[in-house]
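Chains as they are written, first to last, in my numbering: chain A, 13 to 153; chain B, 85 to 577. Note that the Cβ used here is the ideal one computed from N, Cα and C, for glycine as well. Heads up, the thing below is written out as structure tokens.
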Amino acid sequence: MEDRVILRVGAKILIPYILLFALYVQFHGDYGPGGGFQAGVIFASAFILYALIYGLAHARRVLPLELATFCAALGVVIFAGVGIVTLLKGGLFLEYGVLRHDPVHGQHLGILLVELGVFTTVFGSMVAFFYSFAGRRTGRS
Amino acid sequence: MSAHLPVLQVLVPLLAAPLCAILRNGRAAWAVAMVASWTSLWIAIQLLTLVLANGTISYELGGWAAPWGIEYRIDTVNAFVLLIVSMIAAVVTPYALKSIEREVEASRVALFYAAFMLCLTGLLGITITGDVFNVFVFLEISSLSAYALIAIGQNRKALTAAYQYLIMGSVGATFIVIGIGMMYVMTGSLNMADLSVLLPQVSSSRTIPVAFAFLTVGISLKLALFPLHLWLPNAYTYAPSTVTVFIASTATKVAVYMLLRFFFTIFGPAFSFDVMQLDRVLLPLALVAIFSMSLVAIFQTNIKRMMAYSSVAQIGYMILGISMASVTGLTAGILHMFNHAMMKGALFMALGCVMYRVGSVHIDSMRGLGKRMPWTMAAFVMGGLSLIGVPLTVGFVSKWYLIQGALEKGWWPVAALVLLTSLMAVVYIWRVVEAAYFQEFPGDDDGELREAPLAMLVPTWALVLINLYFGIDASLTAGVAGAAARSLLGVGP
Chain A
13 MEDRVILRVG
23 AKILIPYILL
33 FALYVQFHGD
43 YGPGGGFQAG
53 VIFASAFILY
63 ALIYGLAHAR
73 RVLPLELATF
83 CAALGVVIFA
93 GVGIVTLLKG
103 GLFLEYGVLR
113 HDPVHGQHLG
123 ILLVELGVFT
133 TVFGSMVAFF
143 YSFAGRRTGR
153 S
Chain B
85 MSAHLPVLQV
95 LVPLLAAPLC
105 AILRNGRAAW
115 AVAMVASWTS
125 LWIAIQLLTL
135 VLANGTISYE
145 LGGWAAPWGI
155 EYRIDTVNAF
165 VLLIVSMIAA
175 VVTPYALKSI
185 EREVEASRVA
195 LFYAAFMLCL
205 TGLLGITITG
215 DVFNVFVFLE
225 ISSLSAYALI
235 AIGQNRKALT
245 AAYQYLIMGS
255 VGATFIVIGI
265 GMMYVMTGSL
275 NMADLSVLLP
285 QVSSSRTIPV
295 AFAFLTVGIS
305 LKLALFPLHL
315 WLPNAYTYAP
325 STVTVFIAST
335 ATKVAVYMLL
345 RFFFTIFGPA
355 FSFDVMQLDR
365 VLLPLALVAI
375 FSMSLVAIFQ
385 TNIKRMMAYS
395 SVAQIGYMIL
405 GISMASVTGL
415 TAGILHMFNH
425 AMMKGALFMA
435 LGCVMYRVGS
445 VHIDSMRGLG
455 KRMPWTMAAF
465 VMGGLSLIGV
475 PLTVGFVSKW
485 YLIQGALEKG
495 WWPVAALVLL
505 TSLMAVVYIW
515 RVVEAAYFQE
525 FPGDDDGELR
535 EAPLAMLVPT
545 WALVLINLYF
555 GIDASLTAGV
565 AGAAARSLLG
575 VGP
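Here it is in structure tokens:
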């Protein structure tokens, strides 16, 4: 894609907004359509677009495969970790109400953290899937 | 903390999985898996003790009350299955260390343990939950990780086997979710206890019988009921030895549990057997599975494949017991879930030891192993005796109950078939015995081939001893299975 100036410049302009929109979908998930899964896919799509336009090697320098798989695992730890915290605070598993003094605040915080875990896992997995499929011919890193 | 045991049962392996993936070091991941699987076993024992003492345990996830929130509900039936699954996991993990280092690429060992823990999470989750949609979610977790586990070995044929399993398994899971969706449309509920109350009110509609049919086919695919077993022989044969041991001893048992849960608890035996006449489908298929798969097993030259076909036949025994829909028959079916897990676990572990030293489980490479690997082959013979159903092994106890159940119903030909197929098991086990003990070792006598490492022999023999212990004193297993059968049929404690 070295000679496709429009694509290269277009992608450069678009990518920050894709990332920002992903975060909007993430944090607005409590009130409107959206949530961790959708946000994670959108966030990953920015990296996939970057890889398509600028090449896999550049994308891997920005976000190595190891980091992507680490994110995929980390999200599950965040999710389960929230559950463990609620257990330790004397509630049932994932009973967000106990996270704060005010149960409503607790519910907000809990769902936000759990969705963050979902976001991290989905984002990491999507990028890792893309790398594994895209990198098949050039061999594994 | 004991109030949280139900969720910890699933949470411990779920947390272990990403930790294994993050650690990236095979040995460290193994240590995590070791801690997680033994903790799971401890929790499962605690839960079974609690259930036997105080009756059903209910746990509300997130503090949302039962019909709306997800509920974990543990009674005798699933407490017993939790014990089977976590016991096999606890025995398999120490065994895995050496076997996996030999059979899986070093860079993937940590990922293997991550997938293994996820598979354990899924299987325990299916078993423990009281919510039908949650069953589907955990089913996907366990199935997807099982496909990865089968494909992770160095055998390239494993890729096709895993792909075949992926297609068949996904069809099964789709059918199950369609059935669940139809039940949800008709009742508006996903909670098992709630569904069992609501379903009889709408069971005259056409949707519920269709949902029933989808669930029957979907679950039968998952438990490899003849003729939906085609994914199983390849998957078992080409997977790494440890994976074969784990999947063969747990995945199909959990699918049988799903069958019990859906048809006895949710639809109820009256609807399943009197209205839908499920036994008319299950009984012939079980009989054909037992007979034809035992016959096919006799002609296999790859011993792992032989054992895989034998597994399909053994699943037939479980389904046969269930299709009787009587206390004795169900007891036999549930008991055989435990017993078959232990005997097939021991057999596949012994084969894994052979694979570790010899590098093949073809019948020709078993020649003369009786002298070279005495403990391994002795374990195989003991497992084989249990499979045949020789007295003092668990196999005998299963068949005893099964034949009793058949005679109670007056099904003389069925009882005769069970005895006949036991003789067929003698034939295929004998082929291995003959090769191992009565044929000469083909290679030169430089004594290079040694006994398998202790880390693999000890778990193998642990399962063999369990086979013997519960074969001599079956009061615990048969007692729990009997209580489970009575609670499923709703005929008193």
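Out of B:Arg192, B:Ser124, B:Ala462 and B:Leu167, which one is the CA nearest neighbour of Ala112 of chain B?
Residue 112 of chain B sits at position 28 when you count from the first residue of the second sequence. It is B:Arg192.
CA-CA distance, Thr544 of chain B and Pro178 of chain B?
Counting from 1 along the second sequence, the entry for residue 544 of chain B is found at position 460. Counting from 1 along the second sequence, the entry for residue 178 of chain B is found at position 94. Taking the straight line joining both Cα atoms gives about 10 Å.
Cα-Cα separation, Ala252 of chain B to Leu305 of chain B:
Taking the first residue of the second sequence as position 1, residue 252 of chain B is located at position 168. Taking the first residue of the second sequence as position 1, residue 305 of chain B is located at position 221. What sits at residue 252 of chain B in the sequence shown is Met, not Ala. Those two C-alpha atoms are separated by around 7 Å.
Taking 7 Å as the CB-CB cut-off, is Ala409 of chain B touching chain A?
Taking the first residue of the second sequence as position 1, residue 409 of chain B is located at position 325. Chain A, which has no Cβ nearer than 7 Å to the Cβ of Ala409 of chain B, makes this no.
Could you tell me whether the Cβ of Val91 of chain B comes closer than 7 Å to any Cβ of chain A?
By 1-based counting over the second sequence, the position of residue 91 of chain B is 7. For Val91 of chain B, the answer is yes, since a Cβ of chain A falls inside 7 Å of its Cβ.
Restricting to runs no shorter than 3 residues, where is the beta strand (DSSP E) found entirely within the segment 152 to 239 of chain B?
155 to 158
Judging by CA-CA distance, which residue of B:Tyr485, B:Phe464, B:Ala425 and B:Thr334 is the nearest neighbour of Val411 of chain B?
Translated into positions along the second sequence, residue 411 of chain B becomes position 327. Nearest C-alpha to Val411 of chain B: B:Tyr485.
Less than 8 Å between the CB atoms is what I'm expecting for Leu366 of chain B and Ile406 of chain B, so what's the real figure, rounded?
Indexing the second sequence from 1 puts residue 366 of chain B at position 282. Indexing the second sequence from 1 puts residue 406 of chain B at position 322. Right, the Cβ-Cβ distance comes to about 7 Å (below 8 Å), so this counts as a contact.
For Met342 of chain B and Gly555 of chain B, I'd like the C-alpha separation in whole angstroms.
Taking the first residue of the second sequence as position 1, residue 342 of chain B is located at position 258. Taking the first residue of the second sequence as position 1, residue 555 of chain B is located at position 471. C-alpha separation (whole angstroms): 26 Å.
Is there at least one Cβ from chain B nearer than 7 Å to Phe105 of chain A's Cβ?
Position 93 of the first sequence, counting from 1, holds the residue named residue 105 of chain A. It does; some Cβ of chain B falls within 7 Å.
From the DSSP output, which residues share a beta bridge with Ile141 of chain B?
In the second sequence, residue 141 of chain B corresponds to position 57, counting from 1. B:Ile158.
Mind listing the chain B neighbours of Val134 of chain A? Cutoff is C-beta to C-beta under 7 Å, in chain order.
For this step, residue 134 of chain A is matched to residue 122 along the first sequence. Correct list: empty, because the minimum Cβ distance to chain B is about 14 Å.
So, does the CB of Gly151 of chain A fall closer than 7 Å to a CB anywhere in chain B?
On the first sequence, position 139 is the one that residue 151 of chain A refers to. Note on Gly151 of chain A: pLDDT 47, under 50, position unreliable in the model; the coordinate value appears next. By this cut-off, Gly151 of chain A is not an interface position.
Is there a Cβ from chain A that is less than 7 Å from the Cβ of Ala199 of chain B?
As a first step, residue 199 of chain B is located in the second sequence; it is residue number 115 there, counting from the start. For Ala199 of chain B, the answer is no, since every Cβ of chain A falls outside 7 Å of its Cβ.
With a threshold of 7 Å between beta-carbons, can Val88 of chain A be considered close to chain B, or not?
In the first sequence, residue 88 of chain A corresponds to position 76, counting from 1. Interface residue, yes.
Cβ of Ile487 of chain B within 7 Å of Cβ of Ala499 of chain B?
As a position in the second sequence, residue 487 of chain B is number 403, starting the count at 1. As a position in the second sequence, residue 499 of chain B is number 415, starting the count at 1. Result yes, Cβ atoms of Ile487 of chain B and Ala499 of chain B sit closer than 7 Å.
Using Cβ-Cβ distances below 8 Å, what residues of the segment 39 to 68 of chain A are close to chain B?
none
For Leu195 of chain B, which residues from the same chain have a beta carbon less than 7 Å from its beta carbon, with the 5 sequence-adjacent residues on both sides left out?
In the second sequence, residue 195 of chain B corresponds to position 111, counting from 1. Taken in chain order, the residues that qualify are Ala105.
Determine the chain B residues that contact Ala92 of chain A at a beta-carbon separation under 7 Å, and present them in chain order.
Residue mapping note: residue 92 of chain A aligns to position 80 of the first sequence, counting from 1. Going along chain B in sequence order, the residues near Ala92 of chain A (Cβ under 7 Å) are Leu95, Leu98 and Leu99.
Specify the secondary structure class of Asn551 of chain B as computed by DSSP and reduced to three states.
Position 467 of the second sequence, counting from 1, holds the residue named residue 551 of chain B. Three-state result, Asn551 of chain B: helix.
Along the segment 105 to 118 of chain B, what residues have a CB closer than 7 Å to any CB found in chain A?
Ala105 and Ile106
Chain-ordered neighbours of Gly147 of chain B on chain A, where CB pairs are closer than 7 Å:
Your numbering for residue 147 of chain B matches position 63 in the second sequence. Those within 7 Å of Gly147 of chain B in chain A are Gly103, Leu104, Glu107 and Gly109.
Applying a beta-carbon distance threshold of less than 8 Å, which residues of chain A neighbour Glu144 of chain B?
The residue you call residue 144 of chain B lines up with position 60 of the second sequence. The contacting residues are Leu104.
On the DSSP bridge list, what partners appear for Asn386 of chain B?
Taking the first residue of the second sequence as position 1, residue 386 of chain B is located at position 302. Note: Asn386 of chain B sits in a beta bridge opposite B:His446.
Report the rounded CA-to-CA distance for Tyr268 of chain B versus Leu274 of chain B, giving the unit in angstroms.
Along the second sequence, one-based indexing puts residue 268 of chain B at 184. Along the second sequence, one-based indexing puts residue 274 of chain B at 190. Their Cα atoms are separated by approximately 6 Å.
Between which two residues does the alpha helix (DSSP H) holding Gly489 of chain B run?
Position 405 of the second sequence holds residue 489 of chain B. Note, Gly489 of chain B: alpha helix (DSSP H), Val478 to Lys493.
Using a Cβ cut-off of 7 Å (strictly closer), state whether Ala140 of chain A contacts chain B.
In the first sequence, residue 140 of chain A corresponds to position 128, counting from 1. It does not; no Cβ of chain B falls within 7 Å.
Run through DSSP, which three-state label would Thr561 of chain B get?
As a first step, residue 561 of chain B must be located in the second sequence, where it is residue number 477. The answer is helix: DSSP assigns Thr561 of chain B an H, G or I state.
Which residues in the same chain as Thr123 of chain B place their Cβ atom closer than 6 Å to its Cβ, once the five residues preceding and following it in sequence are excluded?
Locating residue 123 of chain B in the second sequence gives position 39, where the first residue counts as 1. Result list for Thr123 of chain B: Val96, in chain order.
Looking at the strands, I want to know which residues DSSP matches up with Asn275 of chain B.
Looking up residue 275 of chain B in the second sequence gives position 191. According to DSSP, which records beta bridges pairwise, Asn275 of chain B is partnered with B:Asp215.
Is there a Cβ of chain A sitting closer than 7 Å to that of Pro102 of chain B, yes or no?
Translated into the one-based positions of the second sequence, residue 102 of chain B becomes position 18. So, interface residue.
Can you name the residues of chain A whose CB is closer than 9 Å to the CB of His88 of chain B?
Your numbering for residue 88 of chain B matches position 4 in the second sequence. Those are Leu99, Leu104 and Phe105, listed as they occur along chain A.
For Glu524 of chain B, count neighbouring C-beta atoms within 10 Å of its own C-beta (all shown protein chains included) and say buried if the count is 16 or more, exposed if not.
The count along the second sequence starts at 1 and reaches residue 524 of chain B at position 440. Exposed, by the Cβ-count rule.
Suppose the cutoff is 8 Å on Cβ atoms and the five residues either side in sequence are ignored; what does the same chain contact list for Phe581 of chain B look like?
No statement about residue 581 of chain B is possible, as the shown extent of chain B runs from 85 to 577 and does not include it.
Shortest alpha-carbon distance to Phe375 of chain B belongs to which of B:Ala397, B:Met461 and B:Ile129?
Position 291 of the second sequence, counted from the start, is the residue given in the question as residue 375 of chain B. The candidate whose alpha carbon is nearest that of Phe375 of chain B is B:Ala397.
Alpha carbon to alpha carbon, how far is Ser506 of chain B from Asp363 of chain B? Give it in angstroms, no decimals.
By one-based count along the second sequence, residue 363 of chain B stands at place 279. By one-based count along the second sequence, residue 506 of chain B stands at place 422. Using only the alpha carbons, I get a separation of about 23 Å.
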